[in-house]
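Structure first, commentary second.
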Amino acid sequence: MSIHVVIQPAAGYGAEVVSPSPGIRQLIAGGEDATFVIQVPVEFGDWCETQNRSRSFPFDSADGHRSNETE
Numbered sequence: 001m002s003i004h005v006v007i008q009p010a011a012g013y014g015a016e017v018v019s020p021s022p023g024i025r026q027l028i029a030g031g032e033d034a035t036f037v038i039q040v041p042v043e044f045g046d047w048c049e050t051q052n053r054s055r056s057f058p059f060d061s062a063d064g065h066r067s068n069e070t071e
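In terms of the UniProt record's numbering, the sequence shown is residues 1 to 71.
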């Protein structure tokens, strides 16, 4: 089983990776109204750093679905 999460903050929002304690990485993304936090073991964070960051799945701005999805 795989889970893929893509965090891309909208204009005016930000994202930051922090290490709140040894062995833990935390992604904090959002702004004043809402914040999203993901916490993972540092080994998983290191693995993520080695992945291909140029992969993307463009979304159709009209309906919010991936442009490669079918109804």
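For every residue, glycine included, the Cβ atom is placed at its ideal position computed from N, Cα and C.
Secondary structure at residue i, three-state DSSP: helix, strand or coil?
i: glycine 45; result: helix
i: glycine 30; result: strand
i: residue 73; result: There is simply no residue 73 to check, as the chain begins at 1 and stops at 71 in what is shown.
i: threonine 35; result: strand
i: alanine 11; result: coil
Tell me which residues share the same chain as residue i and place their Cβ nearer than 8 Å to its Cβ, disregarding the 5 neighbours each side in the sequence.
i: proline 41; result: Gly23, Ile24 and Arg25
From residue i to residue j, what does the alpha carbon distance come to, in whole angstroms?
i: serine 61; j: valine 6; result: Confidence at serine 61 is low in this model, with a pLDDT of 49, below 50, so its placement is unreliable and no value can be given for it.
i: phenylalanine 36; j: phenylalanine 44; result: 18 Å
i: leucine 27; j: glutamine 39; result: 6 Å
i: aspartate 33; j: glutamine 8; result: 16 Å
Who are the near neighbours of residue i in its chain, counting only those whose CB is closer than 6 Å to its CB and skipping five residues on each side?
i: proline 20; result: Gln26
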